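Undergrad: Have a look at this one.
Number of protein chains: 2
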Amino acid sequence: MKIRRVPDVVIRRLPLYLRVLDEIDTDLSPIISSQELGERSGVTSGQIRKDLSFFGVFGKQGVGYSTVTLRAELRRILSLHQEIYVGLVGVGNLGQAFIRYGVSQSKKALPNEGLRMVAAFDRDERKIGQQVAGVPIYSVQHLPGIIEKLRISIIILTVPATAAQAMFDRCVESGVKAFLNFAPVKLAIPEGIRVHHADVTLELESLAYYS
Amino acid sequence: MKIRRVPDVVIRRLPLYLRVLDEIDTDLSPIISSQELGERSGVTSGQIRKDLSFFGVFGKQGVGYSTVTLRAELRRILSLHQEIYVGLVGVGNLGQAFIRYGVSQSKKALPNEGLRMVAAFDRDERKIGQQVAGVPIYSVQHLPGIIEKLRISIIILTVPATAAQAMFDRCVESGVKAFLNFAPVKLAIPEGIRVHHADVTLELESLAYYS
DNA sequence: TAGATTGTTAATCGATTAACAATC
DNA sequence: TAGATTGTTAATCGATTAACAATC
């Protein structure tokens, strides 16, 4: 029941707060102030209170926030209270690394906040049918069916630049609305679809300015 | 000779423009308008003109920009007209993937804009002395010396979260001013040091909101 | 010259910060 | 109650967009 659209900058800070809360022993610290949460996440206390106010009232004046409650609320806001199924397209070096990375993360005490990598896709016949860290590799031809069947709602794109738009389009047609794109291309993105870019080359090139 | 500090959002758009110019055949298109550059990089024409105005005057009124000249100017602004040496700390799955990725990129016709991965560092004795895609792996103990000797000015951090701050500090002491950090931690960053974060977990968690 | 497009200024928009009344 | 801290409003800051004079 959002009253007005929440700015993306706000959404992007929520996982930061959640991470701090996950690191906290809730028995030792049942309550946290916006002040302390701010210091530990690198955000001002006022900003945290402003951010949270987009979603409701979670604190007690004069007291602070219940660590357990705030954590649960943040999870709910981000939809991380339920399992979110993640797929990956393009099982090259980078793709394999992320599969292993994602799986190793979820073996931690804290189960990586409900995100679960359940399928990978590739074009290469030799890879299809194999597994990487327990995640099965399917043919991109079967992508629509598998996405639907496994209820995949986020796709990590680690295909070569030349294949990115086509694979992206196919995922969109299959109903995926959220993407993390590592391919160094500007995708044509339809209304209502969310793409976060993680373009290592662009990052390095802008860093060169500061080096 | 910067008159005023250039906003980071502006710096981050420059590689985007550069990429478009790299894709253009400068013989076929010796001139480009801010209009067309905008369409191809996903930015408004006014914004492009505004961005460029931070650095000087590069176009001709009534005509447009010389593709060759603008490309050269952007490279110079970003320091990509010279070789920029990049190092990587943490040769795990992700680290190896980036080494291979970086190397394959620089084999393209366009030599990845002057960025060159020249060294990797790890703690694991078994990895030290080996190579990944031709890039030698050194001990983190020798990091300061190698960074100085090879003139490394950008570091990619792909170490586990627990090691990130210590490795970061060591690089800073060795004179590195620009970092691309993949470790899921909030680093304590000294004045004058630039860190771009590429935190896949945070990206996925915020994407969950839109899924 | 007439038409086109830049460089730049002014207006708008949106996000952050400051401040404080409400209230636990 | 007195002290603390939230939730929220108003002020500030900075970035984007609109618009147009300058000029090629």
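Residue numbers (this note's numbering), protein chains in the order written: chain A, 1 to 211; chain B, 1 to 211. Virtual Cβ for every residue (Gly too), placed ideally from N, Cα, C. On a predicted model such as this, the values are computed, not experimentally measured, just so you know.
#1: Relative to the alpha-carbon of residue 34 of chain B, which residue among B:22, B:48, B:21 and B:178 has its alpha-carbon at the smallest distance?
#2: Could you pull the start and end residues of the alpha helix (DSSP H) that residue 168 of chain A belongs to?
#3: Looking at chain A, is there any beta carbon in it that lies within less than 8 Å of the beta carbon of residue 107 of chain B?
#4: Could you run through the region 152-170 of chain A and flag, in chain order, every residue whose CB is less than 7 Å away from some CB of chain B?
#5: Using 8 Å as the limit for Cβ to Cβ distance, is residue 174 of chain A near chain B?
#6: Helix, strand or coil for residue 99 of chain A per DSSP?
#7: Below 8 Å, how does it come out for the region 13-28 of chain B and the region 64-80 of chain B: are there three or more Cβ pairs, yes or no?
#8: State the Cα-Cα distance for the pair residue 124 of chain B and residue 139 of chain B, rounded to the nearest angstrom.
#9: When the cut-off is 8 Å and only beta carbons count, does residue 186 of chain A lie next to chain B?
#10: Closest Cβ-Cβ distance between residue 110 of chain B and chain A: below 8 Å?
#11: Can you tell me which of the three DSSP states residue 208 of chain A falls into?
#12: Which residues in the same chain have their Cβ closer than 6 Å to the Cβ of residue 167 of chain B, if we skip the five residues on either side of it in sequence?
#13: Does the beta carbon of residue 55 of chain A sit closer than 8 Å to a beta carbon anywhere in chain B?
#14: Over what stretch of residues does the alpha helix (DSSP H) that includes residue 11 of chain A continue unbroken?
#15: Can you find a CB in chain A that lies within less than 8 Å of the CB of residue 130 of chain B?
#16: Taking the beta strand (DSSP E) that residue 139 of chain A falls in, what are its first and last residues?
#17: Select from the region 40-69 of chain A all residues with a C-beta closer than 9 Å to any C-beta belonging to chain B, and list them in chain order.
#18: For chain B, check one thing: does any of its Cβ atoms lie closer than 8 Å to the Cβ of residue 177 of chain A?
#19: Starting from the C-beta of residue 94 of chain B, find all residues in its chain whose C-beta is less than 7 Å away, skip the five residues before and the five after it, and write them out in chain order.
#20: Are there three or more Cβ pairs, one per stretch, closer than 8 Å when the region 57-65 of chain A is compared with the region 54-68 of chain B?
#21: The beta strand (DSSP E) that contains residue 156 of chain A, what's its start and end?
#22: Against residue 93 of chain A, what residues of chain B qualify as contacts under a CB-to-CB distance less than 8 Å, listed in chain order?
#23: Please name the residue or residues paired with residue 34 of chain A in a DSSP beta bridge.
#24: Does any C-beta atom of chain B lie closer than 8 Å to the C-beta of residue 294 of chain A?
#25: Roughly how many whole angstroms lie between the Cα atoms of residue 184 of chain A and residue 38 of chain A?
#26: What does a CB cutoff of less than 7 Å around residue 187 of chain B pick up in its chain, not counting 5 residues either side in sequence?
#27: Could you please tell me which residues of the region 9-21 of chain A, in chain order, have their CB closer than 9 Å to any CB of chain B?
#28: Shortest alpha-carbon distance to residue 147 of chain A belongs to which of A:132, A:129, A:177 and A:131?
#29: So residue 68 of chain A is in the alpha helix (DSSP H); what residue range does that whole segment cover?
#30: Report the residues of the region 181-208 of chain A with a CB closer than 8 Å to any CB of chain B, ordered along the chain.
#31: Name the residues in the region 74-87 of chain B whose C-beta lies less than 8 Å from a C-beta of chain A; which are they?
#32: Look at the alpha carbon of residue 107 of chain A and the alpha carbon of residue 117 of chain A, and state the distance between them as a whole number of angstroms.
#33: Strictly under 8 Å for the Cβ-Cβ distance: is residue 29 of chain A near chain B by that measure?
#34: I'd like to know if residue 211 of chain B contacts chain A, where contact means its C-beta is closer than 8 Å to some C-beta of that chain.
#35: Cutting at 7 Å between CB atoms, please list the residues of its own chain near residue 83 of chain B, excluding the five before and the five after it.
#36: 8 Å is my cut-off, CB to CB: does residue 115 of chain A come that close to chain B?
TA: Quick answer:
#1: For the purposes of this step, residue 34 of chain B is taken as residue 34 along the second sequence, with counting starting at 1. Checking every option, the nearest Cα to that of residue 34 of chain B belongs to B:48.
#2: The residue labelled residue 168 of chain A in the question sits at position 168 within the first sequence. Counting along the chain, the alpha helix (DSSP H) containing residue 168 of chain A begins and ends at 161-173.
#3: Within the second sequence, residue 107 of chain B is the residue found at index 107, counting from 1. Per-residue confidence for residue 107 of chain B stands at a pLDDT of 46, beneath the threshold of 50, marking its modelled position as unreliable; no derived number is given.
#4: 153 and 154
#5: Taking the first residue of the first sequence as position 1, residue 174 of chain A is located at position 174. False, the Cβ-Cβ gap to chain B never drops below 8 Å.
#6: Mapped onto the first sequence, residue 99 of chain A falls at position 99. The answer is helix: DSSP assigns residue 99 of chain A an H, G or I state.
#7: yes
#8: Along the second sequence, read from residue 1 onward, the residue named residue 124 of chain B stands at position 124. Along the second sequence, read from residue 1 onward, the residue named residue 139 of chain B stands at position 139. Whole-angstrom Cα-Cα distance: 8 Å.
#9: Walking along the first sequence from the start, residue 186 of chain A turns up at place 186. At least one chain B Cβ lies under 8 Å of residue 186 of chain A.
#10: Here the question's residue 110 of chain B lines up with position 110 in the second sequence. With a pLDDT of 40 at residue 110 of chain B, under the threshold of 50, the modelled position of this residue cannot be trusted, and the question is left open.
#11: Reading the first sequence from its first residue, position 208 is the one you call residue 208 of chain A. Note: residue 208 of chain A maps to helix in three-state DSSP.
#12: Here residue 167 of chain B refers to the residue found at position 167 when the second sequence is read from its first residue. Excluding positions up to five away in sequence, the list reads 89 and 159.
#13: As a first step, residue 55 of chain A must be located in the first sequence, where it is residue number 55. False, the Cβ-Cβ gap to chain B never drops below 8 Å.
#14: For the purposes of this step, residue 11 of chain A is identified with residue 11 of the first sequence, where counting begins at 1. Here the alpha helix (DSSP H) through residue 11 of chain A covers 8-23.
#15: The residue labelled residue 130 of chain B in the question sits at position 130 within the second sequence. Not closer than 8 Å to any Cβ of chain A, the Cβ of residue 130 of chain B fails to qualify, so no.
#16: As a working mapping, residue 139 of chain A is identified with position 139 in the first sequence. That run of the beta strand (DSSP E) goes 135-139.
#17: 40, 41 and 42
#18: Residue mapping note: residue 177 of chain A aligns to position 177 of the first sequence, counting from 1. It does; some Cβ of chain B falls within 8 Å.
#19: In the second sequence, the residue the question calls residue 94 of chain B occupies position 94. Taken in chain order, the residues that qualify are 158 and 182.
#20: no
#21: In the first sequence, the residue the question calls residue 156 of chain A occupies position 156. Where residue 156 of chain A is concerned, the enclosing beta strand (DSSP E) stretches over 152-157.
#22: Residue numbering aside, residue 93 of chain A sits at position 93 when the first sequence is read from its first letter. The contacting residues are 96, 97, 100 and 101.
#23: Position 34 of the first sequence, counted from the first residue, corresponds to residue 34 of chain A. Paired residues: none, contrary to the question.
#24: Only positions 1 to 211 of chain A appear in this structure, which leaves residue 294 of chain A out of reach.
#25: Translated into the one-based positions of the first sequence, residue 184 of chain A becomes position 184. Translated into the one-based positions of the first sequence, residue 38 of chain A becomes position 38. Cα to Cα, residue 184 of chain A sits roughly 34 Å from residue 38 of chain A.
#26: Sequence index remark: in the second sequence, residue 187 of chain B carries index 187 (1-based). Counting only Cβ-Cβ distances below 7 Å, and skipping sequence neighbours, we find 164, 165, 168, 181 and 195.
#27: 11, 12, 13, 14, 15, 16, 18, 19 and 20
#28: Looking up residue 147 of chain A in the first sequence gives position 147. For residue 147 of chain A, the nearest C-alpha among the options comes from A:177.
#29: Locating residue 68 of chain A in the first sequence gives position 68, counting from the first residue. From DSSP, the alpha helix (DSSP H) with residue 68 of chain A extends over 67-77.
#30: 184, 186, 194, 196, 198, 200, 201, 202, 203, 204, 205, 206, 207 and 208
#31: 77, 78, 79, 80, 84 and 86
#32: The count along the first sequence starts at 1 and reaches residue 107 of chain A at position 107. The count along the first sequence starts at 1 and reaches residue 117 of chain A at position 117. Only weak support is given to the placement of residue 107 of chain A: the predicted model assigns it a pLDDT of 46, under 50, and the value that follows is read from those uncertain coordinates. So the alpha carbons of these two residues sit roughly 12 Å apart.
#33: Position 29 of the first sequence, counting from 1, holds the residue named residue 29 of chain A. For residue 29 of chain A, the answer is no, since every Cβ of chain B falls outside 8 Å of its Cβ.
#34: Translated into positions along the second sequence, residue 211 of chain B becomes position 211. Yes, residue 211 of chain B counts as interfacial toward chain A.
#35: For the purposes of this step, residue 83 of chain B is identified with residue 83 of the second sequence, where counting begins at 1. 114 and 116, listed in sequence order.
#36: As a position in the first sequence, residue 115 of chain A is number 115, starting the count at 1. Yes - at least one Cβ of chain B is within 8 Å of the one on residue 115 of chain A.
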